[in-house]
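Report on the structure given below.
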Amino acid sequence: MPHRYRHHRYRNLSFFLLALIATALFSRTPLFSQLIFFLKDFGYLSAFFAGMLFTTTFGVAASGLILSNLIQDFPLIGVLFFGALGALVADILVFLFVRNQAHLHVTPAYKHYSHRSHFYKILHTHYFSWTLPVIGTLIMASPLPDELGVSLLGLSDIALSKFIVISFISHSIGIFSLVSLYNYLL
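In my numbering, the protein residues as written are 371 to 556.
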């Protein structure tokens, strides 16, 4: 690995672990209790906001805590619906950005690749065409941050309408899993 990229190797994992530690420490402060009390006044709008946090590396831990506290006062199905809707909105923004702007970043790197024909052939095989959406969907369905999954789906030829269905269902499952895990552990 070139020296200039070595410091980026574990950046997202580091952010994720740092966010978990910060959220765990913050959740034990009186300020967190006040924040949850304040967010409960906004009802499902808070679930929507927490759903938007659910899609990011640094926000997934805070999102889980907020959503697990919201289901104590609001019906689970409503919190899941609005949380998944918030995650869907955040994902659509990333999806459209990748779909519309990725070529600006990929094309310069692609020009430096010496065997363009091999790279082109690999990207346009039948096996590769279904692999990106499947891997992207699996990443999105997990309770882990899903920037990579959304990017893979954005690079594939999947229609926006299919992406919306996949994103909403996978985030509903992911949020339910995360909230269940938090409630089991706490």
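Just so you know, even glycine gets a beta-carbon here, dropped at the ideal spot from N, CA and C.
Please read these numbers as outputs of a predicted model, since none were measured by experiment.
The three-state secondary structure of Q442, taken from DSSP, is coil. Annotated three-state conformation of D527 is coil, per DSSP. By the neighbour-count criterion, in which a residue is buried when 16 or more other Cβ atoms sit within 10 angstroms of its Cβ, F452 is buried. Under the criterion of beta carbons closer than 8 angstroms, F538 and L458 qualify as touching, at roughly 5 angstroms.
With respect to the 8 angstroms criterion, L435 and V449 are not classified as neighbours on the basis of their beta carbons.
G413 and L455 have their C-alpha atoms spaced approximately 14 angstroms apart.
V468 and S540 have their C-alpha atoms spaced approximately 19 angstroms apart.
Here T399 is exposed: its Cβ has fewer than 16 other Cβ atoms, across all protein chains shown, within 10 Å.
A straight-line Cα-Cα distance of about 15 angstroms links T426 and G506. Residue nearest to I447 within the set I543, Y552, L551 is I543 (criterion: CA-CA distance).
In the structure shown, S403 adopts helical secondary structure according to DSSP, grouped into three states.
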